[in-house]
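In what follows, a single structure is set out as structure tokens and then discussed.
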Amino acid sequence: MKSFTGKTLRWDLRDSILELTLDHGPANEIGTAMLGELEQFVAEFAALAPDTSACIIASARKHGFSAGADLRELYNAAAPLSPKERLGGVRQFLERIHAVLNAIDAAPFVTIAAVHGVCFGGGLELALACDIIIADKMARFAFPELRLGLIPGFGGIPRLKRDLGNGFVRDLLLTGRSVNATRAQAVGLVSQLAAEGEARKIAHATAAQITKFDAVTRTAAKKFIKPIPHEELRHEIDLFCRLFTRREVMAALKKFVESTEAMPYLP
Numbered sequence: 076m077k078s079f080t081g082k083t084l085r086w087d088l089r090d091s092i093l094e095l096t097l098d099h100g101p102a103n104e105i106g107t108a109m110l111g112e113l114e115q116f117v118a119e120f121a122a123l124a125p126d127t128s129a130c131i132i133a134s135a136r137k138h139g140f141s142a143g144a145d146l147r148e149l150y151n152a153a154a155p156l157s158p159k160e161r162l163g164g165v166r167q168f169l170e171r172i173h174a175v176l177n178a179i180d181a182a183p184f185v186t187i188a189a190v191h192g193v194c195f196g197g198g199l200e201l202a203l204a205c206d207i208i209i210a211d212k213m214a215r216f217a218f219p220e221l222r223l224g225l226i227p228g229f230g231g232i233p234r235l236k237r238d239l240g241n242g243f244v245r246d247l248l249l250t251g252r253s254v255n256a257t258r259a260q261a262v263g264l265v266s267q268l269a270a271e272g273e274a275r276k277i278a279h280a281t282a283a284q285i286t287k288f289d290a291v292t293r294t295a296a297k298k299f300i301k302p303i304p305h306e307e308l309r310h311e312i313d314l315f316c317r318l319f320t321r322r323e324v325m326a327a328l329k330k331f332v333e334s335t336e337a338m339p340y341l342p
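Numbering-wise, my numbering comes out as the position in the sequence shown, counting from 1, plus 75.
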């Protein structure tokens with residue numbers, strides 16, 4: 076399918092540029108609905124690849140790119156279950172989202188995340204699966220999972236380690252604090268800064284440049300310079316699942332779900 080409109084996202088292929096737009100209120104939280112449509116998206120890669128040079132992933136939501144995993148859905152699904160059932164459910168979800176992000180990571184075309192506003196947790200992990208991150212100057216990035224007694228679970232740690240120096244990786248993970256787009260560019264997380272509201276425009280200009288190059292060479296270069304850390308990704312799933320079984324985690328998720336703050340995911 077060259078175009079698709081679902082409940083949480085849509086995509087469209089024009090002039091060899093594929094654009095995936097996340098559009099799930101309030102802040103593109105990634106739950107089972109979005110995961111299912113992302114699975115539909117990556118299932119189309121083989122059919123889309125011959126006509127696609129670059130793919131832009133962006134958001135239609137005002138709050139930003141994505142606030143991360145749908146923690147309310149996660150808690151509501153897990154709370155009534157026994158620890159064993161809870162573990163099985165979360166592992167299945169993680170293995171599905173890892174398969175999606177690994178497919179985006181290895182896509183046979185260049186992937187560009189056009190980021191504005193909030194890019195936290197699973198949203199940042201989606202951006203990290205892309206080849207290039209372009210952010211407007213008001214974007215903010217964070218891994219706040221430690222506040223819940225967890226680690227990033229969608230592949231964020233191995234991909235962050237692949238791309239950046241240990242000092243920044245540890246700071247981001249262990250403090251849970253957010254960083255602005257200027258700092259993110261300084262450490263190499265973001266490749267280009269855009270004026271506020273202009274990230275998608277810059278991403279399109281970058282994609283247009285990419286269309287000029289030979290597809291075979293582009294794909295070979297990407298595979299060489301961006302190896303996927305499969306073993307570490309599997310270890311991350313194991314560690315997340317082990318932490319998820321702790322009572323402290325369910326208590327923290329319950330507190331999050333019951334919060335009356337407008338955006339409780341903000342560090």
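A virtual CB, placed ideally from N, CA and C, is assigned to each residue, including glycine.
| Item | Value |
| --- | --- |
| Determine the DSSP secondary structure at Ala280, reduced to helix, strand or coil. | helix |
| For chain C, check one thing: does any of its Cβ atoms lie closer than 9 Å to the Cβ of His310? | Note that chain C does not occur in the displayed structure, where there is just one protein chain. |
| Sorted by chain position, which residues of the same chain lie with C-beta nearer than 8 Å to Thr286's C-beta, five sequence neighbours on each side aside? | Asp90, Ser91, Ile92, Ser128, Ala129 |
| Thinking C-alpha only, which one of Gly251, Leu221, Gln260 is nearest Asp238? | Gln260 |
| Ile285 by DSSP, collapsed to three states: which one? | helix |
| Hey, how far is the Cα of Gly100 from the Cα of Val291? | 38 Å |
| Measuring only the C-alpha atoms, how far is Ala296 from Val117? | 21 Å |
| Based on the DSSP output, what are the partners of Glu94 in its beta bridges? | Asp87, Ile131 |
| Does the distance from the C-beta atom of Gly272 to that of His173 stay below 9 Å? | no |
| Can you find at least 3 beta carbon pairs, one from the segment 151-162 and one from the segment 207-217, that sit closer than 8 Å? | no |
| Just the Cα atoms here: how many angstroms apart are Ile300 and Thr250? | 29 Å |
| Are there three or more Cβ pairs, one per stretch, closer than 8 Å when the segment 186-201 is compared with the segment 118-126? | no |
| When the Cα atoms are used, what is the spatial distance from Ser157 to Arg275? | 44 Å |
| Restricting to runs no shorter than 3 residues, where is the beta strand (DSSP E) found entirely within the segment 119-183? | 129-134, 139-141 |
| Hey, Glu311 and Pro233 are a contact pair by Cβ (cut 8 Å); roughly how many whole angstroms apart? | 6 Å |
| Helix, strand or coil, according to DSSP, for Val190 in the structure here? | strand |
| Measuring alpha carbon to alpha carbon, tell me which residue in Gly163, Cys205, Gln167 is nearest Ile179. | Cys205 |
| Buried or exposed: Glu333, going by 16 or more other Cβ atoms within 10 Å of its Cβ? | exposed |
| Is the Cβ-Cβ distance between Leu97 and Thr107 less than 9 Å? | no |
| Per the DSSP calculation, Ser78 is bridged to which residue(s)? | Asp87 |
| How many Å lie between Thr320 and Ala182 at the Cα? | 33 Å |
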